[in-house]
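Q: Numbering-wise, the working numbering comes out as the position in the sequence shown, counting from 1, plus 402.
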Amino acid sequence: MESKFARTSPRRWQGTALLLSECYLPLHPDPKPEQLYIFLHALRYTTSLGCFEMEMPQWSAEGWTWDHD
Numbered sequence: 403m404e405s406k407f408a409r410t411s412p413r414r415w416q417g418t419a420l421l422l423s424e425c426y427l428p429l430h431p432d433p434k435p436e437q438l439y440i441f442l443h444a445l446r447y448t449t450s451l452g453c454f455e456m457e458m459p460q461w462s463a464e465g466w467t468w469d470h471d
């Protein structure tokens, strides 16, 4: 017996848009690599070797803008 959740591949709607088969929400294409950005920073972390702490990163300042050209 096939489960109602067995079909997990996207479905086409009106021949163009791909929809998720579980919830029928639109499946958006992955962004291009040049559109992907993430800013990670740990202010402080502790390990068995000790506690390490850094200053706030420049990009966290209020009013900071990113010139990513």
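Each residue gets a CB set at the ideal place from its N, CA and C atoms; glycine is no exception.
Measuring only the C-alpha atoms, how far is PRO435 from GLY452?
A: In the sequence shown, the residue the question calls residue 435 occupies position 33. In the sequence shown, the residue the question calls residue 452 occupies position 50. Going by the C-alpha atoms only, they are around 36 Å apart.
Q: Please go through the same chain and pick out, in chain order, the residues whose beta-carbon is closer than 7 Å to the beta-carbon of PHE441, but skip the five residues on each side of it.
A: Reading the sequence shown from its first residue, position 39 is the one you call residue 441. Answer for PHE441: TRP461, listed in chain order.
Q: May I have the straight-line CA-CA distance separating ALA419 from TYR426, to the nearest angstrom?
A: Walking along the sequence shown from the start, residue 419 turns up at place 17. Walking along the sequence shown from the start, residue 426 turns up at place 24. Going from the Cα of ALA419 to the Cα of TYR426 covers about 10 Å.
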